[in-house]
Structure formats: C-alpha cells, structure tokens
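To start, the structure under review is shown below, and the notes come after it.
There are 6 protein chains.
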Amino acid sequence: MTKLTHLDDKGQARMVDVSAKDVTTRLATAKGRITMNAETLAMISEGRAKKGDVLAAARIAGIMAAKKAHELIPLCHPLLIAGVSVDFTPDTKASAIDVEATVKVEGKTGVEMEALTAVSVACLTIYDMCKSADRAMRIGDIRLVEKSGGKSGHYTGD
Amino acid sequence: MTKLTHLDDKGQARMVDVSAKDVTTRLATAKGRITMNAETLAMISEGRAKKGDVLAAARIAGIMAAKKAHELIPLCHPLLIAGVSVDFTPDTKASAIDVEATVKVEGKTGVEMEALTAVSVACLTIYDMCKSADRAMRIGDIRLVEKSGGKSGHYTGD
Amino acid sequence: MTKLTHLDDKGQARMVDVSAKDVTTRLATAKGRITMNAETLAMISEGRAKKGDVLAAARIAGIMAAKKAHELIPLCHPLLIAGVSVDFTPDTKASAIDVEATVKVEGKTGVEMEALTAVSVACLTIYDMCKSADRAMRIGDIRLVEKSGGKSGHYTGD
Amino acid sequence: MTKLTHLDDKGQARMVDVSAKDVTTRLATAKGRITMNAETLAMISEGRAKKGDVLAAARIAGIMAAKKAHELIPLCHPLLIAGVSVDFTPDTKASAIDVEATVKVEGKTGVEMEALTAVSVACLTIYDMCKSADRAMRIGDIRLVEKSGGKSGHYTGD
Amino acid sequence: MTKLTHLDDKGQARMVDVSAKDVTTRLATAKGRITMNAETLAMISEGRAKKGDVLAAARIAGIMAAKKAHELIPLCHPLLIAGVSVDFTPDTKASAIDVEATVKVEGKTGVEMEALTAVSVACLTIYDMCKSADRAMRIGDIRLVEKSGGKSGHYTGD
Amino acid sequence: MTKLTHLDDKGQARMVDVSAKDVTTRLATAKGRITMNAETLAMISEGRAKKGDVLAAARIAGIMAAKKAHELIPLCHPLLIAGVSVDFTPDTKASAIDVEATVKVEGKTGVEMEALTAVSVACLTIYDMCKSADRAMRIGDIRLVEKSGGKSGHYTGD
Numbered sequence: 044m045t046k047l048t049h050l051d052d053k054g055q056a057r058m059v060d061v062s063a064k065d066v067t068t069r070l071a072t073a074k075g076r077i078t079m080n081a082e083t084l085a086m087i088s089e090g091r092a093k094k095g096d097v098l099a100a101a102r103i104a105g106i107m108a109a110k111k112a113h114e115l116i117p118l119c120h121p122l123l124i125a126g127v128s129v130d131f132t133p134d135t136k137a138s139a140i141d142v143e144a145t146v147k148v149e150g151k152t153g154v155e156m157e158a159l160t161a162v163s164v165a166c167l168t169i170y171d172m173c174k175s176a177d178r179a180m181r182i183g184d185i186r187l188v189e190k191s192g193g194k195s196g197h198y199t200g201d
Numbered sequence: 044m045t046k047l048t049h050l051d052d053k054g055q056a057r058m059v060d061v062s063a064k065d066v067t068t069r070l071a072t073a074k075g076r077i078t079m080n081a082e083t084l085a086m087i088s089e090g091r092a093k094k095g096d097v098l099a100a101a102r103i104a105g106i107m108a109a110k111k112a113h114e115l116i117p118l119c120h121p122l123l124i125a126g127v128s129v130d131f132t133p134d135t136k137a138s139a140i141d142v143e144a145t146v147k148v149e150g151k152t153g154v155e156m157e158a159l160t161a162v163s164v165a166c167l168t169i170y171d172m173c174k175s176a177d178r179a180m181r182i183g184d185i186r187l188v189e190k191s192g193g194k195s196g197h198y199t200g201d
Numbered sequence: 044m045t046k047l048t049h050l051d052d053k054g055q056a057r058m059v060d061v062s063a064k065d066v067t068t069r070l071a072t073a074k075g076r077i078t079m080n081a082e083t084l085a086m087i088s089e090g091r092a093k094k095g096d097v098l099a100a101a102r103i104a105g106i107m108a109a110k111k112a113h114e115l116i117p118l119c120h121p122l123l124i125a126g127v128s129v130d131f132t133p134d135t136k137a138s139a140i141d142v143e144a145t146v147k148v149e150g151k152t153g154v155e156m157e158a159l160t161a162v163s164v165a166c167l168t169i170y171d172m173c174k175s176a177d178r179a180m181r182i183g184d185i186r187l188v189e190k191s192g193g194k195s196g197h198y199t200g201d
Numbered sequence: 044m045t046k047l048t049h050l051d052d053k054g055q056a057r058m059v060d061v062s063a064k065d066v067t068t069r070l071a072t073a074k075g076r077i078t079m080n081a082e083t084l085a086m087i088s089e090g091r092a093k094k095g096d097v098l099a100a101a102r103i104a105g106i107m108a109a110k111k112a113h114e115l116i117p118l119c120h121p122l123l124i125a126g127v128s129v130d131f132t133p134d135t136k137a138s139a140i141d142v143e144a145t146v147k148v149e150g151k152t153g154v155e156m157e158a159l160t161a162v163s164v165a166c167l168t169i170y171d172m173c174k175s176a177d178r179a180m181r182i183g184d185i186r187l188v189e190k191s192g193g194k195s196g197h198y199t200g201d
Numbered sequence: 044m045t046k047l048t049h050l051d052d053k054g055q056a057r058m059v060d061v062s063a064k065d066v067t068t069r070l071a072t073a074k075g076r077i078t079m080n081a082e083t084l085a086m087i088s089e090g091r092a093k094k095g096d097v098l099a100a101a102r103i104a105g106i107m108a109a110k111k112a113h114e115l116i117p118l119c120h121p122l123l124i125a126g127v128s129v130d131f132t133p134d135t136k137a138s139a140i141d142v143e144a145t146v147k148v149e150g151k152t153g154v155e156m157e158a159l160t161a162v163s164v165a166c167l168t169i170y171d172m173c174k175s176a177d178r179a180m181r182i183g184d185i186r187l188v189e190k191s192g193g194k195s196g197h198y199t200g201d
Numbered sequence: 044m045t046k047l048t049h050l051d052d053k054g055q056a057r058m059v060d061v062s063a064k065d066v067t068t069r070l071a072t073a074k075g076r077i078t079m080n081a082e083t084l085a086m087i088s089e090g091r092a093k094k095g096d097v098l099a100a101a102r103i104a105g106i107m108a109a110k111k112a113h114e115l116i117p118l119c120h121p122l123l124i125a126g127v128s129v130d131f132t133p134d135t136k137a138s139a140i141d142v143e144a145t146v147k148v149e150g151k152t153g154v155e156m157e158a159l160t161a162v163s164v165a166c167l168t169i170y171d172m173c174k175s176a177d178r179a180m181r182i183g184d185i186r187l188v189e190k191s192g193g194k195s196g197h198y199t200g201d
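Protein chains in written order, with our numbering: chain A, 44 to 201; chain B, 44 to 201; chain C, 44 to 201; chain D, 44 to 201; chain E, 44 to 201; chain F, 44 to 201.
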C-alpha cells in the first residue's frame, strides 16, 4: 500500500533521510495562473514600463522564493538550486496570466516544491501589485507539469 | 482612472509610503483548496495520528508563512501580526481539502497578502507531504473572501 | 481551569489574537548556563583576545536570535524589540558560564520567548566555538527569571 | 595543546575552511529535556488533540530549526541536511518531557549544531505553547549523545 | 565626550534600549554609486528590456534588503518600514550608475541603516548581474545624505 | 559580443543554469573601506574592549552575511560556503578602516558575491555602531581583488 514517506511508523512528521540516494540532475516544471478582470490585465500588459515592473517584480519574487522553499515547507530538504526561470504568458481570452517555473538541480531530491513555490509566490506578487485595482483576482491551477531525474523517473502532467 | 499604487509615475516599483495612514484593526480571510485523488484524501483523513500530523504540519507552515509574507512579496509592508488561524475542511465529494486562513493586525496596511500567503503555503505543505503518493494534486481557488478595517472599507468575495 | 491559549477549542494550534491587548512597556530576563571542563573554561576566560571573540560572538548571536524568536517558534508574535543585552559570568567553581539575557519592548505581548531564545542561542554558539576541544559541554537551567509589564503582572523566578 | 579552531592565530573569529575535508555520511544525536509542573505535563499528555498539536508543533519547529542552525550560529557551516527526526518521551516521574533529535548529512562537517539546535528550539516551542499555564518550566540537559562520520570518529555521550 | 551608544560601560555590544523614545515620522536618504567600464554601462542603459531587468532586479533587491537591515546588522532595531523607493541615474561621463534610496517609518529609531542597506544591496545586485562582462566594477560613495525626524534633528550630507 | 548571462534572450532575469558546470575549489577576496573622522577611528582603535566589540561585531556580521548573499541578491546561487575570514586594517593616515573578506567553496559557481557581501555588511555594521558619533562616514572602494577556480581562471584586481 502507498505510504506517506514524510510520516514515520507512528504517523509523526520527519524529514526523510535521503543520504543514501544518488546525486542526479533533476528538473521540475510547475504551472499556475492568476485570473483577473480585463482592465487589470490590460494595465499589466499595456505600457512597456508598467508591464516591465509588475512582471519583473513577480519574476524576481518567484526566483527568490524557489531558494526559500525549504524554509517555508517544514519537511522540504535544502538544495543547491542550479537554475531557475519563471515565465509569464498573458491570456487575454481567459483574462489571466499563465505562470510557469522551471527549476534544475544536481542533488539527491527533486525540485517539485521549489518550482511550485516559485509559481505560487510569483502569483501572490502579481496579486499584491494589482490589488489596489482588483481585489477579486484568483490564483489557481497550480500543479506539477514535468519532473525528471531521480529514481521515480520522468513524470508529465497536463 | 484606476492606478497601480505599487508603481510610481514612471512605472517603477516602490514600497508605497503608508506613514500617514491610520492605525486601525484590520482583518483578512483568504481561502483556497487542494484537489487530490480519493485515496490520498482518505490517507490524510483516516487515522488520527496521520491526519494530525499532515494537517498539523500544514497549519504550522501556514501560520509561519503569514509572518514571512513581507519577506516573500517584494513590496509588501512588514506588520506586527496580532493573530492567525488556519483551518482545513476535507470535502470528500470534491476529493479536496478546503483551506481557510484569517489574519488580524492593528496597523496601517491590510493583511490580505498574509492571509493569501498562509493559504498558499499550507497547500504547498500538504502537496509536499503527500507527493510520494500523488503527484497530480492541484492547488487552486486561492482568493480573498473578506477584508475589513482601513479606508477601503469592508470587502467580501465568494 | 487553566487552558493552553495557543490551542483553540478543538486543540488546534493558532496564533492567539492579541489585537485588543494594551501596548505596555514589557521586560523579560532569562538565564541559563553551559557547563564545560575546566580547561575549556580556562581557554575562554584566559587570554584577552580569545575571550573577546568567543563571548563577543556568542553575545552577538544571542542578540540577533532575540530578533528571530518569532521565526523559530511557530506561534510567537513578531515584535519591535526595543533593547537587548546578553551577559556572561564565568563560574570557575562550577566550571560553567552563566548566561543572562534581558529584552525590552513596548508592545502587546511579552518578551519571554525572545529572552529565552537569546540565552539558548548564545549557549549554542559557545558550544559551537569550543566543540573541537570539548564535546561533552552541557547546556541547562534555561528559565525565565523576571517578567514585567502586561496584564499578568510582575513575575520572578529563581 | 588543544586549540579552538573557530579562532585564528590572533584569536579572531573565522569560519574554518573545510574545503579540503572529505564528504562522508555523518550523523549526530542530541538530547535535552523540559521540566514542568505535573498539571502542565498532564495537559500535554492527556487528550489526543492537544498532545497532538503541542508536540506536533514542537516537532515541526525543531526540524525547521535544524535547517536554520547556520543562520543562528555565526561560524556554523551551511549544510544540505539529508534527514531530521525529533522525538518526545514524557517522563511522568520527573514531570518532564525528554526531547531527542537526530540529524544526518553527507557533507564535510558534522551535524552536532543542527541536532542541538533542533532540541533547543523544540523545547522553546513547548515552553511557548504552555507558558500561559506554567511560567516556571525549565529547559536543560541539552547535550550531544552520539556523533559519527568524519575524521574525529565515533563519539558517544550519556 | 562622544560615546558609542551601541557599547555599554564595559565596551560590550548591546541593542540600545529605545523603549522610552518617541514615535515620530522619520526619513532617511542614502546614496552610492557603482562604477563600470563604458561598455557595461551601455549594455545596461541601451535596449529597453535589458535595462528594465537589470535595474528592476536591483530595485527590488534594494527594497527587499531595506526590510532585512535588522537581520544583517547585529544591533539594528527591527522597524515597520512604511515606504521605500530606490532610484538609479546613469552617469555616462563618470561611467557609473548613481543609486539613491529613501526610507520612511513611523517609529522610535531612524532608518539610516535601512537606506544604506538598500543602496548597498542594489549595487551588489548590479555587480552580480553584470559580472560576467566586467569583474572590475567598483562600489563606492555610500553615505547618508539626509535624515529627518527624531531627537537628533535634521541632518544633510553631500 | 559580451552578454549578460543573468538575462535570457528576451532580456528577462533568470538564475543561470549551472548544473553542467564542474565542482572545483573556488576562492574570492574582496576589499572595501569605511572612511570616518579621526576621533571616530580613535574611539574604535583605542581601548581594548571597545575595539574588540566594534570590530568583533562587524566581523561576525560580515561572516553571517556571506552565508546570506543568495538571499539578498536575486539571481545568486546558494552555495555551501567552506570558509570565510574577514579582516580589518585601520589606516590612521586616511582616517579609515580597510576591510577584506576571503571566501572559499567547493562548488559550481564562484564566491565573488559572498565576499563582496561580507565586506559590505561589515562596513554597514561599523557605520551602525559608530553613527551616534559620526553620521558622515562613507563606505567605498568595494571591489573584487582576487578570484580563483572555475572556468574563467585566475583574476586579480587592485
């Protein structure tokens, strides 16, 4: 039967011992989106400077958050992240911005949490910077879309 | 016309000066949910010890993250958070756990970002603790549902 | 009956809401000690430069840790600490160093945890700096010795 | 003669250069205890939910603190901690809770400080969560009980 | 005679007690500059996107660093920063970028250190982002240019 | 043509992927200086205890800041720093203190930013501790003076 490895036999939290695992090159990509009203999306997208700064700030925040995943998530292992990119794709039809983060590492554990954290904090930063105009923005669809490296093999989600 | 207050006249990021704002009691409640397969939800919900630890860890992580919102979100003001609660409601029908966080403060700025950050990190922690069993979990519907205090008045979302 | 205020009616952790509490001047003093073999104590105490740096480093570490108490202790409120001092008294007879930290604040909650954290981290720093010479050092007797300000009144311990 | 390796020839603090040391699997176990009055111990031990949350919070806090040891202790090297567990054993006779933390790493330096920090912060968290009922709790007997890996060989304390 | 208030009568470091000081609106402005070769300055200044991202990243880094001043500088008090702005002025003649940061607070201590830290970290970020092209960049002239609020009155430097 | 590797083809910030780079022993030395009036320099230099604590605090702050470089500088990679030293040389003629930091690592990226950050924060700490006596101190000449290890070879500056 499937087990939650973050809990020991008594169901108590622990940081799983990974010392015996191999160091391999690992990659994870996560996605998410923040939905907003059309006027807010236009404010972000139109006007070079403004777009620059809202999304530039969100990108920086997402990258920095990837480095902090192990400080935020109690049982997440610290890692020497080797690379992070955060990309934004405005979707006018859906009145949303799609956020995608990819994290690479050479290490003993995967970087799903780092990628998911980067997406989450990038979305929170967009919310923060636009909330004076639109309190009803909604963050969603945060999920893992690809993971490679490590014993569990290649994973792809939608 | 509506403006993004986090950008100055040249569209550059700044932390808005709130020194002249009144100190009032402010509250914000945010919600979100993490969807998973039925077996994962059962593993979390059944068995006292396990539920205790997965959700207890996520609750602690959410509360601690509320205190870190201003470190994660570039233009978010530091605040002396006066109280935080994080609650979980399993929804068997939707195969999901609903997460709700309420933050209170006496201060010059609202606590939306703190509440939204608490919800986000609580969801990420559940993902982390269950990912060995279910990589396809999805975090969504993160939004502000209530905000009171401050000049902008009472806000309620759905 | 006495209750643990950090747990709600269901026994779940929360950060207690202190928004309605008065802002008063609060002070807390904590003490602790680290016991070591006589040679280690002599190495710290004799020789001006060395003593300077072991205890100077431990003092700085203790002061900085007081500012981090709310990051380390999940339900501890952030505070604008107004003053911290950390003092050391070598006790040759007991082959130990006594550590005392006093923290002051004007705020809504007490600073016991800040003072206890300062003492703990100052002791850990002494351990770290001397462990190459003495692995059997022991940290103990960490307790609150005085607390004033706030509704619960003046407390003194031994 | 024994030297304090954290001080250079002039007695000034430095972070010792470990770049030439071997990467080996290293383990450290530390213990400590927090003494309290009988009623406080009963409140923690009796009642499933409450015990769950006090000790679950302290366990999470201890694990997270192990990851922060190098931020708290000035000359402590950062490490990629591979595993952490924190365990509690109530001792009704002594009216105390014994705390034990074990940390593993594959690295160039030992993990004593990480284990000692985990124990210290777990004890501080128990103090914080119970202090409204019992201000006279006392934290003590924090010491290294086992260390393996690295050039200095296997160490066991009592 | 002038005294260093961060040292007590025995010359030991302490965080000065400011609990009795008045809460006033305080402002500090600091400046600095980073000198580089002409080609590097051109790379930053020419090309909209690149300039946007180098200076946008440095601005965000400076703002976030202002919030961390009390974590970096041992005896610096934590503060609820009310506003931060960071501005850049390229100086083609001097082949340099001038950096200016202004911080505001309503509090018991000044915000010089926050402004100086913002300038320093903004310069370090520019160095980091351009170092693959120019290792000989030089950061200098970091100083306080204005300070108001508080008992010590209005200060202006050059 | 030279490129800024921290920007992708669209000029957007990213943390450069270093997973394919070799692990080598790398060293970086940075220097800087803080200029002050003669009386301030005398206060720091004369009197054993005082000098001890101002420079001891600045040394500790610089060492701890080296460990935080990747948290402060958005695109800086986390590293397992293997050693840090920070040295001060008073220069009575120039009425200044020269600061030098050397950082070592075995890793995939260099440690320039760690050394430059250590120098910057050591200078800021001296400023903070002496600012009650001398607000016009000035921090400057922060630059890389040596770098070895890695593909780019040995670099020396003046």
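Each residue gets a CB set at the ideal place from its N, CA and C atoms; glycine is no exception.
Residues that I169/A bridges to, as DSSP identifies them: Looking at the DSSP assignment, I169/A forms no beta bridge with any residue, so it has no partner.
Which listed residue (P133/B, A158/B, L123/B) has its alpha carbon closest to that of V188/B: A158/B
DSSP-derived helix/strand/coil call for A125/C: strand
Neighbour-count burial assignment, G153/C, 16 or more Cβ in a 10 Å radius: buried
Test: E155/F CB closer than 8 Å to a CB of chain A: no
E143/C, enclosing beta strand (DSSP E) - first and last residue: 139-150
Where K64/A falls: helix, strand or coil (DSSP): coil
Boundaries (first-last residue) of the beta strand (DSSP E) holding S191/E: 181-191
Integer Cβ distance of A112/A from T160/A, believed to fall under 8 Å: 4 Å
Partners in chain E for H113/B, counting only beta-carbon separations shorter than 8 Å: K110
Members of the region 143-170 of chain D that neighbour chain A once the beta carbon cut-off is set at 8 Å: K147, V148, E149
Beta-ladder partner(s) of T199/F, from DSSP: E189/F
Close-in-space but distant-in-sequence residues of the same chain around C166/F (CB under 7 Å, 5 per side omitted): G75, I77, V142, I182
Near-chain B residues of the region 176-188 of chain A (beta-carbon distance less than 9 Å), N- to C-terminal order: A176, D177, R178, A179, M180, R181, I182, G183, D184, I185, R186, L187
Residue-level contact to chain D via CB, I124/F, 8 Å cutoff: yes
6 Å Cβ shell around M172/C - same chain, five flanking residues per side excluded: V97
Distance, Y198/A Cα to A176/C Cα: 50 Å
Contact set between A100/F and chain C, taken where Cβ atoms lie within less than 8 Å: A99, I103
S88/E to V59/F span [Cα, whole Å]: 21 Å
Helix, strand or coil at M86/E according to DSSP, with G and I counted as helix: helix
Assigned secondary structure, K74/D (DSSP; H/G/I helix, E/B strand, else coil): strand
Alpha-carbon to alpha-carbon, Y170/A and E155/B: 10 Å
Of the listed residues R102/B, R57/B, H49/B, nearest to T168/B (C-alpha basis): R102/B
Straight-line gap, A100/D to K53/D (C-alpha atoms, nearest Å): 43 Å
Contacting residues, own chain, Cβ-Cβ under 6 Å from T145/F (five flanking each side not counted): T72, S128
Minimum Cβ-Cβ distance from D96/C to chain F less than 8 Å: yes
For D51/A, three-class secondary structure by DSSP: coil
S62/E beta carbon less than 8 Å from that of V66/C: no
Per DSSP, the bridge partner or partners of P117/A: Paired residues: none, contrary to the question.
Per DSSP, cross-strand counterpart(s) of D130/C: E143/C
DSSP-derived helix/strand/coil call for R102/D: helix
Inter-residue Cα distance where the pair is K94/A and T48/B: Unreliable positioning characterises K94/A in this predicted model, as indicated by a pLDDT of 47, which lies under 50. The coordinate reading is nonetheless provided below. In a straight line, the C-alpha of K94/A is about 14 Å away from that of T48/B.
Under 8 Å between C-beta atoms of L118/B and I106/E: yes
Cβ neighbours of V162/D in the same chain (closer than 6 Å, five flanking residues each side left out): A73, G75, V142, A144, I185
Where K136/A falls, given that 16 or more other Cβ within 10 Å makes a residue buried: exposed
Burial state of T132/C, where buried means 16 or more other Cβ atoms lie within 10 Å: exposed
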